[in-house]
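Everything on this sheet refers to the single structure shown next.
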Amino acid sequence: MPNINADRMMADLKELRSIGAVETSVVRPALSEKDMEARRWLKRKFEDAGLATTIDGVGNVLGRSSKPGPALLIGSHSDTQPRGGWLDGALGVIYGLEIARAMAEDPATADLAVDVVSWQDEEGTYMSCLGSRSWCGTLDPEVEKAARNGSAGMSLTEAIAEAGLTDVPRATIEKDRYLGYLEAHIEQGAYLEEGELHIGVVTGIVAIRAMRFRFHGEQNHAGTTTMRRRKDAATALFEVAHRVNQEFPKVAGDRTVWTMGRVSVQPGAPSIVPGYAELDLQFRDLDEGILDRFEEIASKIAKEVEAGGKKVRIEVERTRTPVRPSWMDEGFQKHIAGAAEATVPGKWQSMPSAAGHDPMVISEKLPCAMLFIPSIGGISHDFAENSHEKDIVLGCRVLADAAASILQERRNA
């Protein structure tokens, strides 16, 4: 199996971390100046590894092996959240680079083709999984045209022009070249750390649903409006939120999650009875049956609260197109599991991903698999995000062994 160079890999991760470094971490949003600087740096590193490399018209960095294939594509994304961690995305890209180098250096695997990629805007600065959608040919031109950076107000079209990519061709999936796609990532949760495990073999990426409740009451004076006469939108909101937390656990699975992450109460003054309020509810699980039940329960709660004497009208709607679960390839999972057992016997587990990743797009076109390493404290999307260097190195070794096993199996078939 290929022998990764741990010192080289860690040096690359730390150098990439320096591009856009802020305090202890990285600020490198998609198509920003620092994002494009990092992509040009990656292009040079990919070329130094012997890969024919391009930065395409949305900013994907794709390094193509000179080997005829069939190839494995390995990578992730190098853009970050507005105040993100240094490993989210970057880990998988540098793993891909190191695996391509290690394969080429080992005579037993030097004939195997590994292509490496850094996708653009997985984090959704303009559009979630922009780069992988573009590569897969599933990017809706009208959706792309309407995409904007919510914080900066710039359109995606303007950002692409500012990055000098307007007239640059866009890479598309090369027919018949790929066996599949592999991606490594930090877990972004605490299951591995709490279980004292080193590797997670991802079974699938969860489905996501979201609902919004709008509460229509009557704004009035907080001192002169009696409790009996009030039509308090906020009180109705609090009751719905409380009942969601009472009822959802009755049907939830072990890994089902739900979040009420945005609340708006208007006019938001302590001496005014709120006349309007909004509550956003999101829930995730691999089992869509559970999510169906959540939608039914949430709608029922809203109707009951509306009819329960609060004198508040409640509207309920879906606020996003449901994201279906994405299943990882069972054969690839077996190769990763075998490599994990050989490297860290008994210290790995199969598990779902509760966060979205590019494989949820790419799995529509290619077999995919993912590997997780532990996150310290289960923290991600924050400057405190980190993983132990031992786990970073172990993860790369496991993914390299799995990649070689997959390609050798195909070569010997």
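Numbered according to this note's numbering, the sequence shown spans residues 1350 to 1762.
All residues carry an ideal CB built from backbone N, CA and C; glycine is no exception.
What residue from the options has the CA that sits closest to residue i's CA?
{"i": "residue 1569", "options": "1563, 1582, 1557", "result": "1582"}
{"i": "residue 1644", "options": "1667, 1624, 1356, 1662", "result": "1667"}
{"i": "residue 1369", "options": "1494, 1580, 1739, 1436", "result": "1436"}
{"i": "residue 1529", "options": "1656, 1465, 1579, 1472", "result": "1465"}
{"i": "residue 1709", "options": "1694, 1595, 1532, 1565", "result": "1532"}
{"i": "residue 1719", "options": "1744, 1657, 1734", "result": "1744"}
{"i": "residue 1660", "options": "1609, 1452, 1564", "result": "1564"}
{"i": "residue 1445", "options": "1363, 1353, 1614, 1605", "result": "1353"}
{"i": "residue 1621", "options": "1492, 1566, 1639", "result": "1566"}
{"i": "residue 1763", "options": "1646, 1596, 1478, 1357", "result": "Given that the chain is displayed from residue 1350 to residue 1762, the structure contains no residue 1763 and the question cannot be resolved."}
{"i": "residue 1706", "options": "1672, 1732, 1737", "result": "1672"}
{"i": "residue 1392", "options": "1374, 1467, 1572, 1595", "result": "1467"}
{"i": "residue 1693", "options": "1469, 1548, 1374", "result": "1548"}
{"i": "residue 1461", "options": "1482, 1413, 1496", "result": "1413"}
{"i": "residue 1376", "options": "1578, 1407, 1438", "result": "1438"}
Would you tell me roughly how many angstroms separate the C-alpha atoms of residue i and residue j, rounded to the nearest one?
{"i": "residue 1514", "j": "residue 1415", "result": "25 Å"}
{"i": "residue 1677", "j": "residue 1717", "result": "5 Å"}
{"i": "residue 1753", "j": "residue 1517", "result": "33 Å"}
{"i": "residue 1388", "j": "residue 1488", "result": "21 Å"}
{"i": "residue 1476", "j": "residue 1484", "result": "14 Å"}
{"i": "residue 1685", "j": "residue 1371", "result": "34 Å"}
{"i": "residue 1545", "j": "residue 1756", "result": "30 Å"}
{"i": "residue 1626", "j": "residue 1611", "result": "11 Å"}
{"i": "residue 1758", "j": "residue 1447", "result": "21 Å"}
{"i": "residue 1365", "j": "residue 1457", "result": "30 Å"}
{"i": "residue 1714", "j": "residue 1603", "result": "30 Å"}
{"i": "residue 1600", "j": "residue 1679", "result": "28 Å"}
{"i": "residue 1350", "j": "residue 1480", "result": "31 Å"}
{"i": "residue 1380", "j": "residue 1471", "result": "12 Å"}
{"i": "residue 1682", "j": "residue 1702", "result": "13 Å"}
{"i": "residue 1740", "j": "residue 1761", "result": "31 Å"}
{"i": "residue 1630", "j": "residue 1494", "result": "28 Å"}
{"i": "residue 1624", "j": "residue 1662", "result": "11 Å"}
{"i": "residue 1559", "j": "residue 1642", "result": "13 Å"}
{"i": "residue 1433", "j": "residue 1725", "result": "15 Å"}
{"i": "residue 1748", "j": "residue 1742", "result": "10 Å"}
{"i": "residue 1695", "j": "residue 1499", "result": "45 Å"}
{"i": "residue 1580", "j": "residue 1619", "result": "16 Å"}
{"i": "residue 1502", "j": "residue 1455", "result": "49 Å"}
{"i": "residue 1616", "j": "residue 1524", "result": "56 Å"}
{"i": "residue 1459", "j": "residue 1595", "result": "57 Å"}
{"i": "residue 1613", "j": "residue 1588", "result": "15 Å"}
{"i": "residue 1382", "j": "residue 1537", "result": "26 Å"}
{"i": "residue 1576", "j": "residue 1650", "result": "22 Å"}
{"i": "residue 1653", "j": "residue 1732", "result": "42 Å"}
{"i": "residue 1670", "j": "residue 1573", "result": "43 Å"}
Who are the Cβ neighbours of residue i in its own chain at under 6 Å, not counting the five residues just before and after it?
{"i": "residue 1539", "result": "1727"}
{"i": "residue 1688", "result": "1747, 1750, 1751"}
{"i": "residue 1664", "result": "1563"}
{"i": "residue 1386", "result": "1368"}
{"i": "residue 1561", "result": "1629, 1666, 1668"}
Near residue i, what residues of its chain come up, given a Cβ to Cβ distance below 7 Å and the 5 sequence neighbours on each side ignored?
{"i": "residue 1526", "result": "1418, 1419, 1420"}
{"i": "residue 1378", "result": "1384, 1428, 1429, 1431, 1474"}
{"i": "residue 1520", "result": "1403, 1405, 1409, 1411, 1484"}
{"i": "residue 1590", "result": "1609, 1628"}
{"i": "residue 1355", "result": "1742"}
{"i": "residue 1640", "result": "1556, 1558, 1632, 1634"}
Would you grab the beta carbon distance between residue i and residue j for me? Rounded to a whole angstrom, and I think it's under 8 Å.
{"i": "residue 1367", "j": "residue 1535", "result": "Not really, about 19 Å apart at Cβ, beyond 8 Å."}
{"i": "residue 1723", "j": "residue 1541", "result": "4 Å"}
{"i": "residue 1675", "j": "residue 1553", "result": "6 Å"}
{"i": "residue 1704", "j": "residue 1634", "result": "Their Cβ separation, rounded to whole angstroms, is 13 Å, which puts residue 1704 and residue 1634 out of contact at 8 Å."}
{"i": "residue 1463", "j": "residue 1509", "result": "Between residue 1509 and residue 1463 the Cβ distance is about 29 Å, and since that is not below 8 Å, they are no contact."}
{"i": "residue 1362", "j": "residue 1443", "result": "5 Å"}
{"i": "residue 1449", "j": "residue 1401", "result": "The pair is not a contact, with the Cβ atoms about 12 Å apart (cut-off 8 Å)."}
{"i": "residue 1512", "j": "residue 1593", "result": "The pair is not a contact, with the Cβ atoms about 42 Å apart (cut-off 8 Å)."}
{"i": "residue 1374", "j": "residue 1734", "result": "7 Å"}
Using a Cβ-Cβ cut-off of 8 Å (strictly less than) and excluding sequence neighbours within five positions of residue i, which residues of its own chain qualify?
{"i": "residue 1690", "result": "1697"}
{"i": "residue 1606", "result": "1632, 1633, 1634, 1703"}
{"i": "residue 1655", "result": "1585, 1661, 1662, 1663"}
{"i": "residue 1359", "result": "1738, 1741, 1742"}
Do we get a CB-CB distance below 8 Å when we pair residue i with the residues of chain C?
{"i": "residue 1439", "result": "Given the protein chain composition of this structure (a single chain), no chain C is represented."}
Mind listing, in chain order, the continuous alpha helix (DSSP H) runs of no fewer than 4 residues lying wholly within the stretch 1570-1655?
-> Qualifying alpha helix (DSSP H) stretches, in chain order: 1582-1596, 1637-1655.
Complete beta strand (DSSP E) runs within the stretch 1377-1426 (minimum length 3 residues, chain order) = Counting whole runs of 3 or more residues, the stretch 1377-1426 contains the beta strand (DSSP E) stretches 1401-1404, 1410-1413, 1420-1426.
Continuous beta strand (DSSP E) assignments of at least 3 residues falling wholly in the stretch 1518-1549 | Those beta strand (DSSP E) runs which fall completely within the stretch 1518-1549 and span 3+ residues are 1527-1535.
Curious, which full-length alpha helix (DSSP H) runs of at least 4 residues does the stretch 1418-1489 contain?
-> Here the runs fully enclosed are 1439-1454, 1479-1485.
Please go through the stretch 1731-1758 and give each complete beta strand (DSSP E) segment of 3 or more residues, from N-terminal end onward.
-> You should have found no qualifying run.
Which ranges would you report for the beta strand (DSSP E) in the stretch 1671-1719 if only whole runs of at least 3 residues count?
-> Complete beta strand (DSSP E) runs here, min 3: 1697-1702.
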